[in-house]
Amino acid sequence: MDRLFAPYAEMLKKAGWPADAIHSRGDLEMRVLERPASAAHLYEIRRGGRPIVSIAVLEKTRFPSGVALYRQYLDAIPEGRLCLGALRRLSPASKALLLTEYECCLYDLANEELLVSTISPEETEARVISALAPGALDGGYWESLPRRGAMQWGKDLGAWMRVWSAKIGRQARMPPDALLAMIAHWLMAWRHAKFADGEWPGVEIAIGSGMASARLVRLTPAQFLEQRLGAVRRRFPFGIFKAYARREDEMWTNLEARGVLSDFLAEAVCISAGKLESKNALWAFSDEALEHNAWKAALTQDLRVGRLLRRDDLTITDPIVADVAQSGYGWPLTLIEELTRYWIEENLKRKAEIERRGPIGLQLDFLRAEPAGLHPQGYIADVAQYALINSFRVRTRTAEDRIALGALIAMKMMELCERYVLPLGDCPGIDAVFDAG
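Convert by adding 61 to the 1-based position in the sequence shown; the result is the number in my numbering.
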């Protein structure tokens with residue numbers, strides 16, 4: 062047991078945890094950009110053989126208070142980002158304690174939400190360790206912690222976007238309002254990197270026997286343009302993104318803006334996964350009054366998408382249509398999720414029938430283009446793409462609507478593919494969702 066963890070281990074013992082409940086998970090060597098290497102010692106608390114809390118004890122590191130992070134609309138420092146990534150790889154525990162000699166941060170690992178922050182060992186023992194006692198956990202400690210709702214997540218992200226649209230706009234000589242739509246696209250690319258590679262841009266984590274390493278490497282504007290924006294443009298080639306591509310290219314290759322864009326990328330690492338969930342990000346990308354009014358109208362809508370779709374076998378004759386002016390951004394995202402679930406169930410039935418009877422002939426309308434995502438044997442090979450491109454349409458009001466909603470739709474598709482373990486290839490026909498007539 063390392064020197065820094067010894068006093069915290071004593072606190073856990075006083076709280077009721079036996080010594081054999083605390084297990085070492087080895088060390089984590091960290092390097093953040095050009096800073097000297099630092100280290101963290103990793104542990105976990107187990108109960109009945111099941112990990113309850115993961116712990117990282119960081120050397121030579123100081124955490125700002127949760128209030129200071131909140132005022133910057135951030136959720137972690139870079140070292141914290143590396144620790145959260147490593148702990149998620151090493152343990153199925155749902156919560157993480159990041160400890161320094163003085164400070165403590167308690168996180169929900171699923172969405173990287175900072176739940177409790179303390180700035181002294183005494184405060185940590187009173188507010189965190191005592192609340193982690195076995196009896197306190199049985200009493201529903203996790204459930205009693207205050208949590209951010211979707212609207213608060215979105216407002217925080219929106220405020221952060223506005224700060225950066227002003228900073229970048231000054232250097233690039235572009236109005237901040239015009240930049241907000243672009244930043245939505247950049248965040249879509251940031252989320253796509255996690256979807257495609259398993260880690261946030263610039264984060265490299267390697268897990269070995271008894272030793273892990275984590276690095277945060279500097280991502281240059283040119284690299285972000287080529288690797289991240291390039292990849293998301295290929296997978297989700299919305300026409301509106303193509304229309305803005307030249308302006309984005311000029312932005313990310315603008316020598317005068319290179320410094321501020323590098324700072325933007327460095328700070329984006331400190332944004333939590335929760336802020337980039339589509340249900341939360343929509344409150345950053347949309348108008349609060351529109352969403353409130355839209356959801357009042359949406360409450361009267363029918364969610365039984367199987368009854369709303371007009372189809373002949375796997376040919377959709379009348380997709381479900383949403384109108385942003387009436388239903389905001391939230392209702393279209395709800396419809397996409399329901400359609401995906403509907404086609405997952407339908408596809409399972411078709412696969413079961415194929416197993417019994419062999420390949421099923423596809424009944425297609427030869428006057429229409431073949432639906433995206435089909436397999437020749439008669440089932441849907443790419444359910445996420447099929448459900449969206451063939452079954453859904455949305456009417457928008459402005460180009461900004463299309464950018465924001467395109468980013469949210471892409472985020473939603475990535476979430477659904479992760480949740481239901483669905484494949485997702487490039488979506489060349491995705492712009493059809495905006496062809497609502």
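Ideal placement from N, C-alpha and C gives every residue a C-beta, glycine not left out.
Source: prediction; values computed, not measured.
- Within the same chain, and ignoring the five residues on either side of MET474 in sequence, the residues whose Cβ sits closer than 6 Å to its Cβ are ALA445.
- Comparing alpha carbon positions, the residue from TRP251, TYR390, ARG223, ALA267 closest to MET91 is ALA267.
- Contact between the region 140-148 and the region 161-170 is present: three or more C-beta pairs spanning the two stretches fall below 8 Å.
- For the 8 Å CB-CB criterion, TRP251 and PHE325 do not form a contact.
- Put simply, of ARG289, VAL293, SER99, ARG234 the residue whose alpha carbon is nearest the alpha carbon of LEU89 is SER99.
- For the region 277-310, the continuous alpha helix (DSSP H) assignments of 4+ residues that do not extend past its boundaries occur at 291-296, in sequence order.
- Note that the region 250-264 does not touch the region 65-76; fewer than 3 beta-carbon pairs, one per stretch, sit closer than 8 Å.
- The alpha helix (DSSP H) runs of length 4 or more contained entirely in the region 183-218 are, from start to end of the chain, 195-199, 202-205.
- Secondary structure of PRO68 (DSSP, three-state): helix.
- With respect to the 8 Å criterion, GLU173 and SER333 are classified as neighbours on the basis of their beta carbons.
- Its Cα nearest to that of THR179, the residue ILE190 stands out among GLY230, GLY367, ILE190.
- Assignment of ASP81 by DSSP, reduced to helix, strand and coil, places it in the helix class.
- If you look at LYS156, you'll find it in the beta strand (DSSP E) that goes 156-160.
- Looking only at ASP238, ALA171, ILE83, LYS336, the smallest Cα-Cα distance to GLY215 is reached by LYS336.
- In the DSSP assignment, ARG142 falls outside any beta strand (DSSP E) and within the unbroken alpha helix (DSSP H) covering 139-151.
- Using a 10 angstroms sphere on the CB of GLU204, the tally of other CB atoms stays under 16, which defines it as exposed.
- Taking C-alpha positions only, ILE106 is separated from LEU409 by approximately 40 Å.
- In chain order, VAL444, TYR481 place their CB closer than 7 Å to the CB of ILE405, counting only its own chain and leaving out the 5 sequence neighbours on each side.
- Between the region 130-138 and the region 147-158 there are fewer than three inter-stretch CB-CB distances shorter than 8 Å, so the stretches are not counted as touching.
- The continuous stretches of beta strand (DSSP E) do not include PRO420, and DSSP gives it neither H nor E.
- Assigned with DSSP and collapsed to three states, PHE453 falls in strand.
- Between the C-alpha atoms of ARG456 and GLN438 there is a straight-line separation of about 34 Å.
- For SER181, the number of other beta carbons within 10 angstroms of its own is below 16, and it is reported as exposed.
- DSSP places VAL482 outside any alpha helix (DSSP H), giving it a letter other than H or E.
- Proximity to ALA497 across PRO380, TYR447, TRP392, LEU466 peaks at PRO380, based on C-alpha coordinates.
- Approximately 7 Å separates the beta-carbon atoms of ASP310 and LEU286; this is inside 8 Å, confirming the contact.
- Taking the C-beta atoms as reference points, GLN232 is found nearer than 8 Å to GLU317.
- In the DSSP assignment, VAL321 falls within the unbroken alpha helix (DSSP H) covering 319-329.
- ASN315 and ARG307 have their C-alpha atoms spaced approximately 12 Å apart.
- One Cα belongs to ALA192, the other to GLY210, and the distance between them is close to 23 Å.
- DSSP places TYR390 outside any alpha helix (DSSP H), giving it a letter other than H or E.
- The straight-line gap separating the alpha-carbon atoms of TRP392 and ALA383 is approximately 8 Å.
- The alpha-carbon of LEU65 is positioned some 14 Å away from that of THR185.
- Per DSSP, reduced to three states, the secondary structure at LEU241 is helical.
- For the pair SER85 and ALA468, the Cα-to-Cα distance works out to about 41 Å.
- Short of 8 Å from the beta carbon of LEU170, and not among the five residues preceding or following it, lie these beta carbons of its own chain, in chain order: SER115, LEU145, LEU148, ARG149, ALA154, SER155, LYS156, ALA157.
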